[in-house]
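To keep things clear, I will list the structure first and then write my remarks on it.
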Amino acid sequence: MVDGKRLTRRSALGLVATGTFVAASETFGFSNTTATRGSSIDVVADSDAYVGMLVSDQVKKNQQETLVNLTNNFDQTIDATVSLNDCTQGTLYAPDGSSGCSVTVTLSPGASKTVDIEAAVSGVDVFFTVDVTGPDFSFQATRSTSAVSGNTEGAVTIDKVQKFSANANQNDWTIQTVEATFNDNFSDRVEYEVTDSAGNVVGTYTDNVGDTYTYSRKGQGNDPAITIQPDDGYTIQPGETYELTVIAWDVLDNFATETRTDTA
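FYI, the numbering for the sequence shown is 8 to 271, going by the numbering used here.
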């Protein structure tokens, strides 16, 4: 599966335990926050937040593209419902194939999932809400993206991701070719994340490549292929389908992302 996306803004949401209950109102996009059983909730804007979001800065009309990537850094399973504020502005798509004005994803601890959008408009901002529910808490976040038409180029583009392979015999994942272009600023890093069919992160690798406008891994010479080892305690399962996400970041945290899948 090939799924190319250009994103240029990073957002993070989080819940942090505190000594007393804190209700957040319109802070970092939260419009409602509640807690039960005496739980304490606060809001942080941090990449290590308990619920992380990567929000696309712009999407193209009539093309299915990433709207938001959600990551559950909490130690409990959560449900996240993404809803368009105006249903006439597009259609949302969840990883399970469901679609509509509103879709729901379930995230186990450590899992990441992406909700796509096919915008029906251009030249306007598309607002959406994310309602997150856990055993002891719930909150709502409001975000937006810009719908555009025509050919647009982001600050970062990923030009190639080829020959992703899940290797059960070697117990690793390999990517033969990865190429990216940093159009506006120097590069910072390229992150690789592998998830299983349930959305659980099972392997990661970060390639720190600062002070360049191009990134190339061609599997030969000075551009070696990428090899990702499983997380501690995990073994690649024959017959399991794995998804690779490649995220290329520049020094201002603009980024592009691509995904590929392979069955071991």
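Cβ coordinates follow ideal geometry from the N, Cα and C atoms, glycine included. For clarity, every value in this text was computed on a predicted model and none was experimentally measured.
For N215, the enclosing beta strand (DSSP E) begins and ends at 208-215. The C-beta distance from L99 to C108 rounds to 7 Å, short enough to meet the 8 Å contact threshold. Under the DSSP definition of a beta bridge, I85 partners with L114.
By the 16-neighbour rule on beta-carbons within 10 angstroms, N190 is exposed. With contacts defined as CB atoms closer than 8 Å, T252 and T266 qualify as a contacting pair. In this structure, I85 is the residue among N174, I85, V163 with its C-alpha nearest to the C-alpha of S119. Taken in chain order, the complete beta strand (DSSP E) segments of 3 residues or longer contained in the stretch 183-248 are 194-202, 208-215, 221-224, 233-235. Annotated three-state conformation of Q177 is coil, per DSSP. Taking all protein chains in view, the Cβ of N79 is crowded by 16 or more other Cβ atoms within 10 Å, so the residue is classified as buried. Note on F262: 16 or more other CB atoms within 10 angstroms of its CB, so buried under the neighbour-count rule.
For the pair N76 and E125, the CB atoms are not nearer than the 8 Å cut-off.
A distance below 7 Å between beta-carbons, with the five flanking residues on each side excluded, links G226 to the following residues of its chain, in chain order: Q183, T184, A232. Taking C-beta separations shorter than 6 Å and ignoring five residues to either side along the sequence, the partners of S172 in its chain run T181, D269, following chain order.
Taking 8 Å as the cut-off, the beta carbon of D143 is found no closer than this to the beta carbon of T88. Taking C-beta atoms under 8 Å as the contact rule, R196 and T221 fail to qualify, at a distance of about 14 Å. In the three-state scheme derived from DSSP, where H, G and I count as helix and E and B as strand, Q70 is classed as coil. In the DSSP assignment, V58 falls within the beta strand (DSSP E) that extends over 58-62. For Q147, the enclosing beta strand (DSSP E) covers residues 144-155. From the listed residues S153, E72, I165, the smallest Cα separation to A101 is found for E72. In its chain, beyond the 5 residues on either side, A173, D203, S204, T270, A271 have a beta carbon closer than 8 Å to the beta carbon of E247.
With fewer than 16 neighbouring CB atoms inside 10 Å of its own CB, S156 falls in the exposed class.
CA-to-CA, the gap between S90 and S129 works out to about 18 Å.
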